[in-house]
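*Asks:*
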Amino acid sequence: RDTFCSYGVMELCVRELAPQISLLKEKGVSLSCVRTCVVVAEERPRVALCAVFSKLFAPLGLNSRAVSTSFGCRVNTAICMQGAASPDPATVYVDARALRNDRVTLVEKGAPHSIALMESGKLLPGVEIVIANPETRGQCADSHLGEIWVACSHNAVGYFTLYGDEPSLHTDHFNARLTTGDTLKRFARTGYLGFLRRTQSITADGELHDAVFVVGALDEALMLRGMRYHPVDIEATVIRAHRKISECAVFTWTHLLVVVAETESAESEALDLVPAITSTVLEEHHLIVGVVVIVDPGVVPINSRGEKQRMHLRDAFLKDLLDPIYVAYNM
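Heads up, the sequence shown is in our numbering, so the first residue is 30 and it goes up one at a time.
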């Protein structure tokens, strides 16, 4: 009755099974027995994909509350989870402009520059979370975005390497201490930026709970114009820029923003994508796109969990291995 999946599996199901829902229903396929389908992810919950997945399989009996999220990473694979008995996951709307300055400012749904963030779940028993400034290692206030640090008995204790122990890496990742607040407790650094928020939802035991909101990976954040941008937000803008763009990824190169966009269009049509991308990104994020690379579908590397491998894509770009349809430089 309980199952686990990844966003990659969900995308595959949506893409391949959408045309076959009626046929599956005629054959008696039923998902009414599924109590919980937990999406295991090391990223910001994909609100839109979860909604599309739930709606698509509702005719087969999938409960609207069956799909839930969890958050874990290398240092702790089970930090928080949204179970069947939990209240509906909280969704908050934050100001994207404030988020670029590591500030968490709640706004109303539909407000200009708002981003929807869904909680990753309720903290599991025995798990303690603090939000820390990744540079100063001080504990962040509620209104600040910071790195998620976790203290728990089932934290990992170190990395195994073929090159011997690295004490500095071990201490930095698995025995980090705050410079303010509780300076004695040891935490493991997740490498993900987020914040905690006390929700208004009541749990089964009648209490409010602290919800974890994951914003993005610290090492993938783009520092541009002195502000921190998250790739998923820029990529969402690029996808909306033109209906012919099927997938995209962004990264930086010598302080320039690089956009790699996939399309099935011919080269003559691909040229139309460049002004659409540059103007939309400038309008929504006030960023100048330094390089636009138009490529065939399947070029953006995606792992088995459905996560984009942006650094692998950057390496391929630098080695001139992308075989692009068109490249536009705005330097």
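We put the beta carbon where it would ideally sit given N, CA and C, even for glycine.
What do you get for Tyr258, buried or exposed, if any count of 16 or more other CB atoms within 10 angstroms of its CB means buried?
*Replies:* Taking the first residue of the sequence shown as 1, we reach residue 258 at position 229. That one is buried.
*Asks:* What are the start and end residues of each continuous alpha helix (DSSP H) run of 4 or more residues lying completely inside the stretch 96-152, in chain order?
*Replies:* 125-128
*Asks:* In the DSSP output, which residue or residues are listed as bridge partners for Gly245?
*Replies:* Residue 245 sits at position 216 when you count from the first residue of the sequence shown. BP columns for Gly245 point to Leu222.
*Asks:* Taking all protein chains shown into account, decide if Phe216 is buried (16 or more other Cβ within 10 angstroms of its Cβ) or exposed.
*Replies:* Against the sequence shown, residue 216 aligns to sequence position 187. Of the other Cβ atoms in all chains shown, 16 or more fall within 10 Å of the Cβ of Phe216; this residue is therefore buried.
*Asks:* Please list the terminal residues of the continuous beta strand (DSSP E) segment that includes Tyr36.
*Replies:* If you number the sequence shown from 1, residue 36 lands on position 7. Not the beta strand (DSSP E): Tyr36 falls in the alpha helix (DSSP H), residues 36-46.
*Asks:* Tell me whether the stretch 297-310 and the stretch 336-349 touch, counting them as touching only if at least three CB pairs, one residue from each stretch, are closer than 8 Å.
*Replies:* no
*Asks:* May I have the straight-line CA-CA distance separating Asn359 from Val320, to the nearest angstrom?
*Replies:* Taking the first residue of the sequence shown as position 1, residue 359 is located at position 330. Taking the first residue of the sequence shown as position 1, residue 320 is located at position 291. Cα to Cα, Asn359 sits roughly 6 Å from Val320.
*Asks:* Rounded to whole angstroms, what is the Cα-Cα separation between Gly101 and Arg334?
*Replies:* As a first step, residue 101 must be located in the sequence shown, where it is residue number 72. As a first step, residue 334 must be located in the sequence shown, where it is residue number 305. So the alpha carbons of these two residues sit roughly 13 Å apart.
*Asks:* How about Val288 and Val261: are their beta carbons less than 9 Å apart?
*Replies:* Locating residue 288 in the sequence shown gives position 259, counting from the first residue. Locating residue 261 in the sequence shown gives position 232, counting from the first residue. Cβ distance not < 9 Å, so Val288 and Val261 don't count as in contact.
*Asks:* Nearest-angstrom Cα distance between Ser149 and Glu293?
*Replies:* As a working mapping, residue 149 is identified with position 120 in the sequence shown. As a working mapping, residue 293 is identified with position 264 in the sequence shown. Computed Cα separation, rounded: 34 Å.
*Asks:* Return the CA-CA distance between Glu291 and Leu351, expressed in angstroms with no decimal places.
*Replies:* Start at 1 with the first residue of the sequence shown, and residue 291 comes out as number 262. Start at 1 with the first residue of the sequence shown, and residue 351 comes out as number 322. Whole-angstrom Cα-Cα distance: 11 Å.
*Asks:* Just to check my reading of the structure: Ala161 and Leu207 have Cβ atoms closer than 8 Å, yes? What is that Cβ distance to the nearest angstrom?
*Replies:* Your numbering for residue 161 matches position 132 in the sequence shown. Your numbering for residue 207 matches position 178 in the sequence shown. Ala161 to Leu207, Cβ: 6 Å. Contact.
*Asks:* Specify the secondary structure class of Ile263 as computed by DSSP and reduced to three states.
*Replies:* Along the sequence shown, read from residue 1 onward, the residue named residue 263 stands at position 234. Reduced to three states, the DSSP call for Ile263 is helix.
*Asks:* What first and last residue would you give for the beta strand (DSSP E) that runs through Arg257?
*Replies:* Within the sequence shown, numbered from 1, the residue matching residue 257 stands at position 228. It spans 256-258 - the beta strand (DSSP E) in which Arg257 sits, taken as one unbroken run.
*Asks:* Mind checking Lys151: buried by the 16 CB within 10 Å criterion, or exposed?
*Replies:* Counted from its first residue, the sequence shown places residue 151 at position 122. Buried, by the Cβ-count rule.
*Asks:* Assign His314 to one of three DSSP states: helix, strand, or coil.
*Replies:* Walking along the sequence shown from the start, residue 314 turns up at place 285. In this structure, His314 counts as helix in the three-state DSSP scheme.
*Asks:* Given this structure, state the Cα-to-Cα distance separating Ser93 from Ala80, to the nearest angstrom.
*Replies:* Here residue 93 refers to the residue found at position 64 of the sequence shown. Here residue 80 refers to the residue found at position 51 of the sequence shown. The alpha-carbon separation between Ser93 and Ala80 amounts to approximately 9 Å.
*Asks:* Between Tyr188, Val244, Tyr355, which has its C-alpha nearest Val324's C-alpha?
*Replies:* Along the sequence shown, one-based indexing puts residue 324 at 295. Here the closest residue by C-alpha is Tyr355.
*Asks:* Tell me the residue span of the alpha helix (DSSP H) that contains Leu253.
*Replies:* As a position in the sequence shown, residue 253 is number 224, starting the count at 1. Not the alpha helix (DSSP H): Leu253 falls in the beta strand (DSSP E), residues 251-253.
*Asks:* Which of the three DSSP states, helix, strand or coil, is assigned to Thr181?
*Replies:* Start at 1 with the first residue of the sequence shown, and residue 181 comes out as number 152. Per the sequence shown, the amino acid found at residue 181 is Cys instead of Thr. Looking at Cys181 - three-state DSSP - the assignment turns out to be coil, as it is neither helix nor strand.
*Asks:* Would you call Ser59 buried or exposed, if buried means 16 or more other Cβ atoms sit within 10 Å of its Cβ?
*Replies:* Here the question's residue 59 lines up with position 30 in the sequence shown. By the neighbour-count rule (16 or more Cβ atoms within 10 Å), Ser59 is not buried but exposed.
*Asks:* Exposed or buried, which one is His202 when buried takes at least 16 other CB atoms within 10 Å?
*Replies:* Against the sequence shown, residue 202 aligns to sequence position 173. Buried, by the Cβ-count rule.
*Asks:* Where does Val81 fall in DSSP's three states?
*Replies:* As a first step, residue 81 is located in the sequence shown; it is residue number 52 there, counting from the start. Residue state, collapsed to three classes: helix.
*Asks:* Where does Ala161 sit, in a helix, a strand or coil, going by DSSP?
*Replies:* Walking along the sequence shown from the start, residue 161 turns up at place 132. Under the three-state reduction of DSSP output, Ala161 falls in the strand class.
*Asks:* Go through its chain and collect everything with a Cβ distance to Pro88's Cβ below 7 Å, but skip five positions before and after it.
*Replies:* Taking the sequence shown and counting its residues from 1, the one referred to as residue 88 is at position 59. Result list for Pro88: Ile50, Lys54, in chain order.
*Asks:* Anyone know if the C-beta pair for Val156 and Leu135 falls short of 9 Å?
*Replies:* On the sequence shown, residue 156 is found 127 positions in, with the first residue counted as 1. On the sequence shown, residue 135 is found 106 positions in, with the first residue counted as 1. Result no, Cβ atoms of Val156 and Leu135 do not sit closer than 9 Å.
*Asks:* So the alpha helix (DSSP H) Glu296 belongs to, where does it begin and stop?
*Replies:* Position 267 of the sequence shown, counting from 1, holds the residue named residue 296. First-last of the alpha helix (DSSP H) with Glu296: 296-299.
*Asks:* Does DSSP classify His341 as helix, strand or coil?
*Replies:* To locate residue 341, count along the sequence shown from 1; it is residue 312. His341 falls in the helix class under three-state DSSP.
*Asks:* Quick one: what's got a C-beta closer than 7 Å to Ala140's C-beta in the same chain, skipping five residues either side?
*Replies:* Residue mapping note: residue 140 aligns to position 111 of the sequence shown, counting from 1. Within the same chain, Ala140 has close Cβ partners Tyr122.
*Asks:* Using a Cβ-Cβ cutoff of less than 7 Å, which residues in the same chain neighbour Glu249 once the five nearest sequence positions on both sides are dropped?
*Replies:* Here the question's residue 249 lines up with position 220 in the sequence shown. Only Pro260, Arg339 meet the Cβ criterion.
*Asks:* Determine the closest residue to Gly187 out of Ala278, Val104, Ala357, with distance taken between C-alpha atoms.
*Replies:* As a position in the sequence shown, residue 187 is number 158, starting the count at 1. Selected option, being the one with the closest Cα: Val104.
*Asks:* Considering only their Cβ atoms, is the gap separating Ala185 from Val159 smaller than 9 Å?
*Replies:* What you label residue 159 is simply residue 130 of the sequence shown in a count that begins at 1. What you label residue 185 is simply residue 156 of the sequence shown in a count that begins at 1. No; because the gap between Cβ atoms is not below 9 Å, this pair is not in contact.
*Asks:* Does chain B have any CB closer than 9 Å to the CB of Thr32?
*Replies:* This model lacks chain B altogether, as it is built from one protein chain only.
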